[in-house]
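First comes the structure, then the notes that go with it.
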Amino acid sequence: MRLLFDENLSRRLVQRLAGLFPGSSHVATEGLIQSPDTAVWEYAKAHHFAIVTADADFYELATAFGPPPKVIWLRGCDYPTAAAEQLIRSQAIRVAEFLREEVQAVLILAP
Numbered sequence: 006m007r008l009l010f011d012e013n014l015s016r017r018l019v020q021r022l023a024g025l026f027p028g029s030s031h032v033a034t035e036g037l038i039q040s041p042d043t044a045v046w047e048y049a050k051a052h053h054f055a056i057v058t059a060d061a062d063f064y065e066l067a068t069a070f071g072p073p074p075k076v077i078w079l080r081g082c083d084y085p086t087a088a089a090e091q092l093i094r095s096q097a098i099r100v101a102e103f104l105r106e107e108v109q110a111v112l113i114l115a116p
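Everything in the sequence shown is counted per our numbering, starting at 6 for the first residue and increasing by one.
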């Protein structure tokens, strides 16, 4: 499954993590900047993306509606892009297992 990075995360994460998560994208690339969270949710669902966000709103959507799409929440992410990249890289196996699992809706990552 591909990752769709929310607008609260750097666009550079797509390229930096392309080797681990090929086919990933950013909401800006998909024309979804400043779109309502529900529009991003529906887009991710229709195009088989998991949403990566620092926004608790997607956590709430995921717990209310369940997957798809899946949500990876970088909780408390007010750190630099390099730190977000390192967090995702360090948890890449856990992320991949989460993406393969069918029932779980949210994966929370925190430094």
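All C-beta atoms, glycine included, are put in the ideal place defined by N, C-alpha and C.
Note that the structure is a prediction, hence the values are computed from the model and not measured.
Starting from the C-beta of V108, find all residues in its chain whose C-beta is less than 6 angstroms away, skip the five residues before and the five after it, and write them out in chain order. As a working mapping, residue 108 is identified with position 103 in the sequence shown. Cβ neighbours of V108 beyond the five flanking positions: none.
Nearest residue (CA-CA) to G71, options A55, R80, Y84 and A59: For this step, residue 71 is matched to residue 66 along the sequence shown. Ranking the options by Cα distance to G71, first place goes to A55.
Could you please give me the residues that DSSP links to H31 through a beta bridge? Within the sequence shown, residue 31 is the residue found at index 26, counting from 1. Per the DSSP secondary-structure output, H31 pairs in a beta bridge with F10.
Whole runs of the beta strand (DSSP E) within the region 27-91, excluding any shorter than 3 residues: 54-58 and 76-79
Cα-Cα separation between A23 and E12, rounded to whole angstroms: Residue 23 sits at position 18 when you count from the first residue of the sequence shown. Residue 12 sits at position 7 when you count from the first residue of the sequence shown. The straight-line gap from Cα to Cα measures roughly 18 angstroms.
Between the alpha carbons of I77 and I38, how many angstroms are there, rounded? Counting from 1 along the sequence shown, the entry for residue 77 is found at position 72. Counting from 1 along the sequence shown, the entry for residue 38 is found at position 33. Spanning the two alpha carbons is a distance of roughly 19 angstroms.
Report buried or exposed for P27, applying the criterion of at least 16 other Cβ atoms within 10 angstroms of its Cβ. Numbered from 1 along the sequence shown, position 22 holds the residue referred to as residue 27. By the neighbour-count rule (16 or more Cβ atoms within 10 Å), P27 is not buried but exposed.
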